[in-house]
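Participant: If you scroll down you'll find the structure; I have some questions about it.
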Amino acid sequence: MQDPLYTVGDLAFELERLQVSPDDFARVLQLAHAVTAMESPKALADVAPALRIGAVMAEAAGRFSGLPVGHYCGRAILAWPKTEREIGEERRGPHR
2 MQDPLYTVGD LAFELERLQV SPDDFARVLQ LAHAVTAMES PKALADVAPA
52 LRIGAVMAEA AGRFSGLPVG HYCGRAILAW PKTEREIGEE RRGPHR
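Residue numbers for the sequence shown follow my numbering, beginning at 2 and rising by one.
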């Protein structure tokens, strides 16, 4: 397992490698700020092509199945692979 990343620059680099845009990077940081000890918002499914990106309190990260991407303000940023169904739905576009 990779060592945690502690600077916002390192996190930006790692998220860019996952094809997260600068605007979506800002959304990931906002998501991280919304995390509390009692609540973790739903992971973002629209910021990386094959991944959902979420955030949890750093000390709780081991209880989640997501792959560690980095750390920010005491939060762990995690990534979960999307299912084939999720990827297929994205390719088809919004339901009408």
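We put the beta carbon where it would ideally sit given N, CA and C, even for glycine.
Between the Cα of Leu30 and the Cα atoms of Ala59, Ala38, Ser66 and Tyr73, which residue gives the shortest distance?
Facilitator: When only C-alpha atoms are compared, the closest one is Tyr73.
Participant: DSSP on Leu19, reduced to helix/strand/coil?
Facilitator: In this structure, Leu19 counts as coil in the three-state DSSP scheme.
Participant: How would you write the range of the beta strand (DSSP E) that Gly71 sits in, first residue to last?
Facilitator: Its beta strand (DSSP E) spans residues Leu68 to Tyr73.
Participant: Closest by CA to Glu60, which one among Gly71, Gly89, Arg53 and Arg93?
Facilitator: Selected option, being the one with the closest Cα: Gly71.
Participant: How about Pro50 and Gln20: do their beta carbons lie closer than 7 Å?
Facilitator: Cβ distance < 7 Å, so Pro50 and Gln20 count as in contact.
Participant: Return the chain-ordered list of same chain residues with a C-beta closer than 7 Å to the C-beta of Arg76, the five sequence neighbours on each side being excluded.
Facilitator: Within the same chain, Arg76 has close Cβ partners Ala33, Val36, Ala56, Val57, Met58 and Ala59.
Participant: Starting from Arg76, trace the beta strand (DSSP E) both ways and give me its first and last residue.
Facilitator: Arg76 to Pro82 is the extent of the beta strand (DSSP E) around Arg76.
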